Amino acid sequence: MKRKISSIGLNVFLLVLGLVTVYPFIWMLSSSFKQNKEIMALEQHLLPQQFIIENYINMNAHFNFIRFFGNSLLITLVTTVLVLYTSTICGFVLSKYKFKGRDLLFGFVLSTMMIPWCVTIIPKYSMIQAFGWMDSYAALIIPAAFSGFGIFMMKQHIASIPDEIIEAARIDGANEFYIFHKIIFPMAKNGISSIAIFQFLWAWEDYLWPYLVINSQEKQLLAVGLKMFNGQYSTDYGALFAATTISIIPVLIIYLFFQKRFIAGIAASAVKG
Amino acid sequence: MFKKSYPLQSKSEILLRNIVVAVMVVFFSVFLIAPIVIAFAGSFHEWNPLSGTYRFLGLENYKNVFTSQLFGTSMINTVIFSVVVIIFRVGLGLGIACAINSVLIKHKSFFRAVYYMPVVTPMVAVAFVWKFMYNPQIGVINQILGTSINWLKDPNLALPAVIVMTIWKDFGYAVVMYMAGLYSLPMDVMEAAKVDGASSWQNFRYITLPLLKPMTLFVVITSIISYIQAYVQILIMTEGGPGTATYLASYIIYDEAFVKYNFGYASALSFVLFVITAVFTWLSFRVSGTES
Amino acid sequence: MMKRRAAALTLAVSMAAGLWGCGGGGSASTAETAPEVEVPTEPFGDTIKYDPSVPINDGKDITVELWEWGSDELFQQIIDGYTAMHPNVTIKLVNNPWEDYWTKLPLALDGQNGPAIFNVHNSYHENMINYMAPLEIPLEDLEADFTGVEAHVIDGNVYYIDYGMMTGSVYYNKEMWEAAGLTDADIPKTWDEMREVAKKLTIRDGDRLIQAGLNFNDDFHQNYLLGLNYQLGENLFLEDGRTPNVTSDAMKQIMQMLVDMYQVDGIGSADFGEKSSDSFGQGQSAMVIQWGHYYNTLNTTWTDIDFGVFEIPTFDGEPYAYNRYNGESTFGINKNAPADQQAVAQDFVKYFLANDDAQIAFNLAMSTFPAKKSLADNPEIMANPSLSVLAEHIDHYIWPGPMPSTMETSLKKAGEDIFYNGVDIDTALNAAQQEIIRDMQSSTFTSVEDLYKYAQ
Numbered sequence: 005m006k007r008k009i010s011s012i013g014l015n016v017f018l019l020v021l022g023l024v025t026v027y028p029f030i031w032m033l034s035s036s037f038k039q040n041k042e043i044m045a046l047e048q049h050l051l052p053q054q055f056i057i058e059n060y061i062n063m064n065a066h067f068n069f070i071r072f073f074g075n076s077l078l079i080t081l082v083t084t085v086l087v088l089y090t091s092t093i094c095g096f097v098l099s100k101y102k103f104k105g106r107d108l109l110f111g112f113v114l115s116t117m118m119i120p121w122c123v124t125i126i127p128k129y130s131m132i133q134a135f136g137w138m139d140s141y142a143a144l145i146i147p148a149a150f151s152g153f154g155i156f157m158m159k160q161h162i163a164s165i166p167d168e169i170i171e172a173a174r175i176d177g178a179n180e181f182y183i184f185h186k187i188i189f190p191m192a193k194n195g196i197s198s199i200a201i202f203q204f205l206w207a208w209e210d211y212l213w214p215y216l217v218i219n220s221q222e223k224q225l226l227a228v229g230l231k232m233f234n235g236q237y238s239t240d241y242g243a244l245f246a247a248t249t250i251s252i253i254p255v256l257i258i259y260l261f262f263q264k265r266f267i268a269g270i271a272a273s274a275v276k277g
Numbered sequence: 077m078f079k080k081s082y083p084l085q086s087k088s089e090i091l092l093r094n095i096v097v098a099v100m101v102v103f104f105s106v107f108l109i110a111p112i113v114i115a116f117a118g119s120f121h122e123w124n125p126l127s128g129t130y131r132f133l134g135l136e137n138y139k140n141v142f143t144s145q146l147f148g149t150s151m152i153n154t155v156i157f158s159v160v161v162i163i164f165r166v167g168l169g170l171g172i173a174c175a176i177n178s179v180l181i182k183h184k185s186f187f188r189a190v191y192y193m194p195v196v197t198p199m200v201a202v203a204f205v206w207k208f209m210y211n212p213q214i215g216v217i218n219q220i221l222g223t224s225i226n227w228l229k230d231p232n233l234a235l236p237a238v239i240v241m242t243i244w245k246d247f248g249y250a251v252v253m254y255m256a257g258l259y260s261l262p263m264d265v266m267e268a269a270k271v272d273g274a275s276s277w278q279n280f281r282y283i284t285l286p287l288l289k290p291m292t293l294f295v296v297i298t299s300i301i302s303y304i305q306a307y308v309q310i311l312i313m314t315e316g317g318p319g320t321a322t323y324l325a326s327y328i329i330y331d332e333a334f335v336k337y338n339f340g341y342a343s344a345l346s347f348v349l350f351v352i353t354a355v356f357t358w359l360s361f362r363v364s365g366t367e368s
Numbered sequence: 128m129m130k131r132r133a134a135a136l137t138l139a140v141s142m143a144a145g146l147w148g149c150g151g152g153g154s155a156s157t158a159e160t161a162p163e164v165e166v167p168t169e170p171f172g173d174t175i176k177y178d179p180s181v182p183i184n185d186g187k188d189i190t191v192e193l194w195e196w197g198s199d200e201l202f203q204q205i206i207d208g209y210t211a212m213h214p215n216v217t218i219k220l221v222n223n224p225w226e227d228y229w230t231k232l233p234l235a236l237d238g239q240n241g242p243a244i245f246n247v248h249n250s251y252h253e254n255m256i257n258y259m260a261p262l263e264i265p266l267e268d269l270e271a272d273f274t275g276v277e278a279h280v281i282d283g284n285v286y287y288i289d290y291g292m293m294t295g296s297v298y299y300n301k302e303m304w305e306a307a308g309l310t311d312a313d314i315p316k317t318w319d320e321m322r323e324v325a326k327k328l329t330i331r332d333g334d335r336l337i338q339a340g341l342n343f344n345d346d347f348h349q350n351y352l353l354g355l356n357y358q359l360g361e362n363l364f365l366e367d368g369r370t371p372n373v374t375s376d377a378m379k380q381i382m383q384m385l386v387d388m389y390q391v392d393g394i395g396s397a398d399f400g401e402k403s404s405d406s407f408g409q410g411q412s413a414m415v416i417q418w419g420h421y422y423n424t425l426n427t428t429w430t431d432i433d434f435g436v437f438e439i440p441t442f443d444g445e446p447y448a449y450n451r452y453n454g455e456s457t458f459g460i461n462k463n464a465p466a467d468q469q470a471v472a473q474d475f476v477k478y479f480l481a482n483d484d485a486q487i488a489f490n491l492a493m494s495t496f497p498a499k500k501s502l503a504d505n506p507e508i509m510a511n512p513s514l515s516v517l518a519e520h521i522d523h524y525i526w527p528g529p530m531p532s533t534m535e536t537s538l539k540k541a542g543e544d545i546f547y548n549g550v551d552i553d554t555a556l557n558a559a560q561q562e563i564i565r566d567m568q569s570s571t572f573t574s575v576e577d578l579y580k581y582a583q
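First to last, the protein sequences are chains A, B and C.
According to our numbering, the stretch in the first sequence is residues 5 to 277, in order.
According to our numbering, the stretch in the second sequence is residues 77 to 368, in order.
According to our numbering, the stretch in the third sequence is residues 128 to 583, in order.
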């Protein structure tokens with residue numbers, strides 16, 4: 005009985021909090037179907053009084069939506085997969101191997117995250133220009149191949165995997181490459197899933213860097229296209245909200261997909277237990 | 077100390093280590109350290125890469141940082157902003173992750189998706205939505221409270237208003253991270269504790285929480301790093317106003333670099349901020365005691 | 128910031144309006160239903176003549192890029208007109224997002240990827256000018272056809288000029304005007320009259336404001352502080368052209384007037400209607416002072432508001448200058464582009480300057496008053512009320528030059544300190560003065576207020 009009450013109480017609490025969380029989101033979604041004068045009207049209604057879809061339709065009038073979308077998906081997936089691999093292997097080395105300079109190296113990795121992008125983006129641009137990578141996807145993919153955030157996350161995560169498992173594999177004669185790929189990588193999947201979620205989000209939303217280095221319209225990314233649209237209508241709230249809604253759908257799908265990985269993770273642990 | 081103080085290492089271990097460390101060093105040097113070094117050199121110059129200005133100033137930019145009253149007040153705002161948001165982010169994130177994880181909740185994936193929504197929404201759009209919600213005449217917050225407070229123009233309320241918005245936007249990140257941490261907890265330990273008759277509070281306090289410490293450290297440190305650099309919400313919601321009431325240090329950096337094109341001064345500010353961030357990060361490692 | 132956003136918005140609006148040589152009747156889908164382009168064969172223009180029969184690039188095929196922000200349809204029209212005369216020329220139009228265009232463009236111009244032709248806004252003058260080639264049109268010809276050219280002369284060269292001038296006027300809600308029992312005869316000429324009218328337009332329910340007579344929230348710096356000083360005979364910069372003059376008695380008087388309007392007259396409130404431009408559109412405020420771009424905003428966003436426009440009031444009817452204006456700039460030519468591309472770019476700019484249809488279309492799209500002298504009384508221009516109210520005194524508007532953005536941001540901070548943070552006027556303006564001096568240390572800006580026609 006007591007359990008039932010606390011169950012209801014907790015559910016209600018989470019539901020109320022959930023409502024507070026989604027309200028601004030629903031407001032934005034609903035506003036994306038409104039004219040600007042209705043979004044700003046003195047009489048506010050949550051639902052559109054005059055339902056319009058122009059905010060969505062106009063998007064395709066100014067750039068090739070499908071093309072930009074495909075480019076974004078490609079770049080985002082490639083960088084995300086790269087980052088997942090590099091983060092996991094660096095995290096493994098930094099957490100399970102002991103060697104001189106390890107903490108220093110990790111300190112370096114962390115400290116690169118502490119300098120605001122405002123002051124490094126233009127030097128980075130000059131370097132990419134010197135490498136001759138302008139207007140190529142190398143400029144988007146290669147500099148993004150390692151992530152301080154990802155390495156830090158995986159270092160923390162892999163540290164919680166007991167050393168005994170690795171030792172046991174070594175005694176069985178497994179070499180380190182085997183241990184990493186066949187033992188550590190699968191065991192770290194919860195950590196990998198959570199970086200995947202964020203790395204995908206960041207790569208998908210990244211706008212200024214692709215805008216600066218990509219010139220050809222055929223190669224341009226969706227985040228840039230949507231911003232182009234916002235820039236023209238800098239106070240066009242309806243268009244901004246429509247563009248935002250469109251752009252977060254793939255991210256939500258990725259999230260729901262990796263959520264399943266989480267659940268698979270629990271199931272596996274439960275079976276083991 | 078010339079003697080190798082580490083346990084015996086296999087050939088493949090040394091090989092893997094060397095490859096990974098070498099690639100990391102090269103990559104970070106080229107794509108991250110080199111631009112930082114260029115910016116650091118720029119911090120001693122009057123520097124506008126867009127117009128091509130580059131003139132040696134010595135320490136003047138740094139002198140200006142430390143004598144700037146605005147930088148002082150913005151630093152206080154930055155600390156208040158970061159500390160409050162991080163406390164709520166960690167507290168809410170941990171609490172909600174545990175709640176969702178508890179056996180009392182059935183629709184786990186529903187709640188996870190709900191709390192994650194603000195995280196995936198770009199800050200620019202979110203900041204505009206909240207600006208509407210804070211509007212003194214048509215904002216939903218005043219409608220619910222039955223007031224007509226000018227939240228973003230009141231020097232005492234503007235920063236708290238931005239803080240509330242940031243907590244709303246970001247606590248879902250901590251929820252996701254803690255969920256990953258909770259799912260990775262060794263089940264056998266938890267089961268053993270239950271068999272021993274530990275109450276759920278004891279269970280949480282003495283088993284779950286310590287096991288989540290690496291994750292907490294991770295969330296706190298990434299939060300410190302990102303909040304010390306947060307500026308988009310300020311740019312859209314208050315532009316630092318009213319007056320200079322909501323200036324954050326990072327907003328000054330953005331403003332100096334991309335509005336006033338004083339990249340030299342912006343770089344000097346960045347490196348001062350870097351030292352502060354590094355100190356806080358180091359302190360977090362020390363407090364958590366996991367440095368070794 | 129205000130000025131920059133405003134310009135972005137205006138361009139945005141111009142697209143939707145789809146104005147090209149017609150009084151606004153065009154539809155948004157002009158791309159498909161564009162009328163046939165008339166190909167001129169005879170030379171046209173005033174002093175600057177464009178001769179379509181002169182072959183470009185010796186008739187050989189050439190492609191150049193043109194970068195602009197936010198008004199691709201407007202630009203496509205002029206490109207189509209040009210390439211119809213010169214089929215061997217292809218002009219590739221690249222649309223950019225407004226804000227970050229100003230980061231990408233100078234970086235690209237510095238390298239090999241820059242466009243031959245690019246749209247310019249004078250608020251980014253310092254970052255652009257080093258990459259621009261001077262116009263080949265003789266200075267005397269430019270001066271003969273356009274006003275305000277001399278302010279753009281740098282060491283005898285002109286890199287860009289204004290095709291239009293934008294400034295502020297009063298927009299009023301006609302329904303509220305009538306409801307308050309006011310007629311056309313009540314249109315105020317002086318600030319005292321303005322305040323009286325505003326009182327009549329204000330509606331209160333006890334202490335609560337229902338309708339503001341006048342609203343200047345969020346843009347008072349742009350529309351009052353940086354302009355009314357001229358009415359009182361004070362420049363924004365001292366004689367050296369470098370030292371800001373924002374602690375002058377004139378500035379204090381204007382600031383005091385703004386404070387009194389809200390706090391003594393009660394014709395509005397700093398907490399009522401957070402942005403004056405939105406508040407007027409929402410039907411919450413009866414009058415606002417806005418720059419020309421607002422005319423387009425009202426016609427596209429706030430279509431329910433029945434509004435009128437009148438000229439900005441003065442203190443005594445005989446101002447030194449009515450207000451500050453800012454120019455919309457002609458296109459820039461990339462000095463690092465290959466010589467053949469630069470030649471096309473030079474020719475393209477000349478075509479733009481000589482072509483009255485293009486001049487009218489750009490000015491209407493931006494709601495700017497034409498700088499081309501022959502168009503000052505053009506009927507299409509005069510049909511736009513935000514431009515016709517300027518016609519009589521247009522030579523009494525003054526341009527200080529491409530002021531650094533700190534002039535606006537520092538005065539905005541000062542005003543907010545006064546309205547919201549309880550700082551007194553002297554302290555706030557002194558702080559603004561110090562901030563502007565500091566921010567301008569690395570700027571090469573020098574005021575051109577001394578080039579004003581009626582400069583003392």
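We put the beta carbon where it would ideally sit given N, CA and C, even for glycine.
Quick caveat: nothing in here was measured; it's all calculated off a predicted structure.
Boundaries of the alpha helix (DSSP H) around V308 of chain B: 308-313. Interface residue (Cβ-Cβ distance to chain C less than 8 Å): S127 of chain B is classified as such.
Of A:T116, A:A192, A:K231, A:R7, the smallest CA-CA separation from V106 of chain B is found for A:T116. In this structure, T533 of chain C sits near K336 of chain B, with a CB-CB distance shorter than 8 Å. Using a CB distance below 7 Å, the part of the stretch 234-246 of chain C facing chain A consists of L234, G238, N240, ordered along the chain. At a cut-off of 8 Å between beta-carbon atoms, E535 of chain C makes no contact with chain B.
The bridge partners DSSP lists for I244 of chain C are C:L193, C:I460. A direct Cα-to-Cα measurement between A541 of chain C and H523 of chain C gives close to 28 Å. Pairwise C-beta distances place the stretch 218-227 of chain C in contact with the stretch 182-192 of chain C, as three or more of them are shorter than 8 Å.
For S296 of chain C, the secondary structure class from DSSP, reduced to helix, strand or coil, is strand. For the stretch 250-284 of chain B, the set of residues with a beta-carbon nearer than 7 Å to any beta-carbon of chain A comprises V252, M253, M255, A256, Y259, S260, M263, D264, E267, in chain order. Secondary structure note for I61 of chain A: its alpha helix (DSSP H) is the uninterrupted segment 58-66.
Closest in alpha carbon position to W277 of chain B, among B:A175, B:L349, B:S346, B:V251, is B:A175. Contact annotation: V161 of chain B and Y303 of chain B have beta-carbon atoms nearer than 8 Å.
Residue burial is scored here from C-beta neighbours: K102 of chain A has fewer than 16 other C-beta atoms within 10 angstroms and is therefore classed as exposed.
For the C-beta of G195 of chain A, the chain B residues within less than 8 Å are, from N- to C-terminus, A256, S260.
Assignment of E222 of chain A by DSSP, reduced to helix, strand and coil, places it in the helix class.
Here D167 of chain A is exposed: its Cβ has fewer than 16 other Cβ atoms, across all protein chains shown, within 10 Å. Residue pairing from DSSP places Y524 of chain C in a beta bridge opposite C:N450. A residue is called buried once 16 or more other Cβ atoms fall within 10 Å of its Cβ, and G128 of chain B, having fewer, is exposed.
For the stretch 27-53 of chain A, residues whose beta-carbon sits nearer than 9 Å to a beta-carbon of chain C comprise Q39, N40, K41, M44, A45, L46. Pairing P212 of chain B with N226 of chain B gives a Cβ-Cβ distance under 8 Å. Distance from the CA of S360 of chain B to the CA of T84 of chain A, rounded to the nearest whole angstrom, comes to 29 Å. In the displayed model, V280 of chain C falls within a strand according to three-state DSSP.
T129 of chain B carries a strand assignment under DSSP once its states are collapsed to helix, strand and coil.
Closest in C-alpha terms to A269 of chain B, from the list B:Y282, B:P111, B:L258, B:Y259, comes B:Y282. Under the three-state reduction of DSSP output, F120 of chain B falls in the coil class, being neither helix nor strand.
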